[in-house]
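Worksheet: the structure to be examined is printed underneath.
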Amino acid sequence: MPLPKISEARELTDEQLAEEILAIKKQLFQLRLQKATRQLEKPHQFRHARHRLAQLMTVEAERKRATSQPAKEQE
C-alpha cells in the first residue's frame, strides 16, 4: 500500500481537513492501544497514519499562513 499523496490533502476543504486530522489522531490512538495490548497485526499502519497526519497538518499550516500574509501586508 503506497503512502498517500499530499495533492489529495490539498484538494480537501477546511472542514474536511479538520475532520480528517481528527480521524487520523483517533486512528493513531487505536493503533497505540493495539500495540500495548499486543493485538497489532500491521505495524506499517503507524507509518502511514503518521505520514498522513503530517501531510494534513502541513496543508493546514500553509492555509493559515496564506490567510495571515495578506493581513500583514496591508498594515
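Quick note, the working numbering runs 216 ahead of the 1-based positions in the sequence shown. Backbone N, C-alpha and C define an ideal beta-carbon position, used for all residues, glycine too. Source: prediction; values computed, not measured.
Coil, strand or helix - residue i by DSSP
i    : result
R268 : helix
P187 : The first residue shown for the chain is 217 and the last is 291, placing residue 187 beyond what the model contains.
P220 : coil
T229 : coil
T253 : coil
Status (buried if at least 16 other CB within 10 Å, exposed otherwise) for residue i
i    : result
Q271 : buried
A265 : buried
A282 : exposed
Proximity winner among the options, relative to residue i (alpha-carbon distances)
i    : options                : result
L233 : P286, S284, T274       : T274
P218 : A252, Q255, R263, L238 : R263
A239 : S223, P286, T283, L269 : L269
E231 : S284, E276, P286, R281 : E276
Q243 : I222, S223, P286, Q261 : Q261
Contacting residues, own chain, Cβ-Cβ under 6 angstroms from residue i (five flanking each side not counted)
i    : result
E236 : L272
H267 : L219
Cutoff 7 angstroms; reference residue i; Cβ partners in own chain excluding five residues on either side
i    : result
Q250 : L256
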